[in-house]
Amino acid sequence: MTATAEQKHIFLTSLRESCRRLGLDVVHPFAAQSFNATEIGQQNPMPTFNQTSTLSFIIGNTKTFWETFLAQHCPSQIETEGERNDPMDYYCERLIPRVTLQALKDAGLYSDKEGQEFTTAFSVAFSHWKVTVPPAGTPPPGSKPTGFVPPPTKTLPIQQVAHAAGLAYLYRVAYLSVHPVYGPWFAMRSIVMVDLPYDVSDNEVLLIKDDSDQTGTFSTDSKPFELNPAFRDISPEEAEAMNASLEATKTVLLAKGWDARDWVEWVAFRQSLTTGRPDWQKWRYSENQMRYHYQKEPELLAESALKFQQGQQGQ
Numbered sequence: 001m002t003a004t005a006e007q008k009h010i011f012l013t014s015l016r017e018s019c020r021r022l023g024l025d026v027v028h029p030f031a032a033q034s035f036n037a038t039e040i041g042q043q044n045p046m047p048t049f050n051q052t053s054t055l056s057f058i059i060g061n062t063k064t065f066w067e068t069f070l071a072q073h074c075p076s077q078i079e080t081e082g083e084r085n086d087p088m089d090y091y092c093e094r095l096i097p098r099v100t101l102q103a104l105k106d107a108g109l110y111s112d113k114e115g116q117e118f119t120t121a122f123s124v125a126f127s128h129w130k131v132t133v134p135p136a137g138t139p140p141p142g143s144k145p146t147g148f149v150p151p152p153t154k155t156l157p158i159q160q161v162a163h164a165a166g167l168a169y170l171y172r173v174a175y176l177s178v179h180p181v182y183g184p185w186f187a188m189r190s191i192v193m194v195d196l197p198y199d200v201s202d203n204e205v206l207l208i209k210d211d212s213d214q215t216g217t218f219s220t221d222s223k224p225f226e227l228n229p230a231f232r233d234i235s236p237e238e239a240e241a242m243n244a245s246l247e248a249t250k251t252v253l254l255a256k257g258w259d260a261r262d263w264v265e266w267v268a269f270r271q272s273l274t275t276g277r278p279d280w281q282k283w284r285y286s287e288n289q290m291r292y293h294y295q296k297e298p299e300l301l302a303e304s305a306l307k308f309q310q311g312q313q314g315q
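Take the sequence shown: its position 126, counted from the start at 1, is 126 in our numbering, and no numbers get skipped.
This is how it looks when you write it as structure tokens:
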């Protein structure tokens with residue numbers, strides 16, 4: 001169906017507010033075609049639903065996600081193997097499709113009322129997927145109606161998508177995506193593709209301009225990044241030296257082989273690329289958040305959640 005400007009505005013704002021309540025404070029709209037035009041995108045394209053410019057989102061989070069997640073995490077209520085393997089990934093996989101669907105309903109772009117059934121198709125892919133499977137939050141096969149369309153059969157490379165979408169620079173030397181405001185201190189959880197047209201004004205709807213709440217999208221277009229934000233305030237010579245230093249450190253770390261017990265060294269590696277950007281420091285993850293990011297220990301998550309819920313220091 002064709003969406004009006006008002007419906008699209010309602011959809012965008014509803015999706016963003018729902019994501020923020022989940023702790024997902026990065027919602028970046030872009031055209032799927034910006035990734036599909038790349039070499040890797042031509043081999044594994046995102047769905048376009050026959051739109052000439054297809055509205056898509058990268059959904060992620062800054063450090064604020066940690067406490068939002070801890071507030072509701074209850075290990076004793078875990079029932080599925082997927083949630084047990086990584087409760088945080090499961091949380092996103094279960095809820096992002098749900099809030100996408102609800103935002104479409106809020107905008108009058110999706111209805112499951114008897115006799116008034118219509119859909120706006122959408123697809124969701126996740127950064128943690130090793131293979132493509134139906135998300136935990138999507139309707140089961142045969143549900144009526146369902147607008148869910150399976151994502152590409154190959155996992156979408158979210159870092160490369162984010163680079164093409166103008167969200168974050170893919171710094172290949174460090175294997176990290178670098179955001180112009182958050183630096184390396186943010187995470188990307190999923191890619192959502194919707195059967196609606198993308199327009200640059202979509203970014204403006206989600207653009208955060210209040211200094212007291214600097215989260216959201218900071219790009220005004222879905223054009224690929226050309227300059228590493230880490231190099232913004234340093235000379236080419238300094239940038240070259242930073243590249244060489246990071247490459248040497250990475251080589252040493254990789255030669256040791258991956259060991260989650262080395263997480264402190266990997267954090268130091270991540271921190272080192274922020275040398276010229278002290279403004280990124282306020283977005284740095286807490287120690288437990290970083291430790292879980294690298295070690296994925298359910299016990300640490302459970303302990304942090306219990307302390308947080310008891311009003312203690314759970315960071």
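Backbone N, C-alpha and C fix where the C-beta goes; we use that ideal spot for every residue, glycine too.
Determine which residues share a DSSP beta bridge with residue i and list them.
{"i": "Y169", "result": "V178"}
{"i": "H28", "result": "I58"}
{"i": "A125", "result": "I191"}
{"i": "P197", "result": "T54"}
Can you tell me the Cα-Cα spacing of residue i and residue j, whole angstroms?
{"i": "R261", "j": "R291", "result": "9 Å"}
{"i": "T119", "j": "T80", "result": "29 Å"}
{"i": "I59", "j": "L15", "result": "10 Å"}
{"i": "D279", "j": "F69", "result": "25 Å"}
{"i": "S245", "j": "R284", "result": "21 Å"}
{"i": "L156", "j": "S272", "result": "28 Å"}
{"i": "S235", "j": "H163", "result": "23 Å"}
{"i": "N288", "j": "V173", "result": "26 Å"}
{"i": "A103", "j": "D221", "result": "22 Å"}
{"i": "M188", "j": "Q72", "result": "20 Å"}
{"i": "E308", "j": "E67", "result": "In the sequence as presented, Glu is not what sits at residue 308; that position holds Phe. Taking the straight line from one Cα to the other gives about 8 Å."}
{"i": "L301", "j": "A125", "result": "24 Å"}
{"i": "R98", "j": "A239", "result": "43 Å"}
{"i": "Q7", "j": "D106", "result": "9 Å"}
{"i": "M193", "j": "D202", "result": "14 Å"}
Among residues of its own chain, excluding the 5 on either side of residue i, which ones have a beta-carbon nearer than 6 Å to its beta-carbon?
{"i": "Q159", "result": "L170 and S177"}
{"i": "D195", "result": "F49, T120 and A121"}
{"i": "G82", "result": "Y90"}
{"i": "G108", "result": "Q7"}
CB-CB under 8 Å to residue i, same chain, minus the five flanking residues each way: which ones, in chain order?
{"i": "S212", "result": "Confidence at S212 is low in this model, with a pLDDT of 48, below 50, so its placement is unreliable and the value that follows should be read with caution. Excluding positions up to five away in sequence, the list is empty."}
{"i": "D86", "result": "H128 and K296"}
{"i": "R269", "result": "It should be noted that the sequence gives Phe, not Arg, for residue 269. Only A174, L246, T249, K250 and L253 meet the Cβ criterion."}
{"i": "K223", "result": "S34 and G166"}
Which residues in the same chain have their Cβ closer than 7 Å to the Cβ of residue i, if we skip the five residues on either side of it in sequence?
{"i": "E265", "result": "L253"}
{"i": "V27", "result": "L15, R16, C19, F57, I59, L206, G216 and T217"}
Are the beta-carbon atoms of residue i and residue j separated by less than 8 Å?
{"i": "Y91", "j": "G147", "result": "no"}
{"i": "V205", "j": "P47", "result": "no"}
{"i": "P45", "j": "P151", "result": "no"}
{"i": "T54", "j": "Y198", "result": "yes"}
{"i": "G183", "j": "R277", "result": "yes"}
{"i": "F186", "j": "T62", "result": "yes"}
{"i": "M242", "j": "T274", "result": "no"}
With a threshold of 8 Å between beta-carbons, can residue i be considered close to chain B, or not?
{"i": "P75", "result": "Going by chain labels, chain B is absent from the structure shown, which holds only one protein chain."}
On the DSSP letters alone, give me the boundaries of the alpha helix (DSSP H) that residue i sits inside.
{"i": "F269", "result": "W263 to S272"}
{"i": "Q310", "result": "First-last for Q310: undefined, no H or E at that position."}
{"i": "N243", "result": "P236 to K256"}
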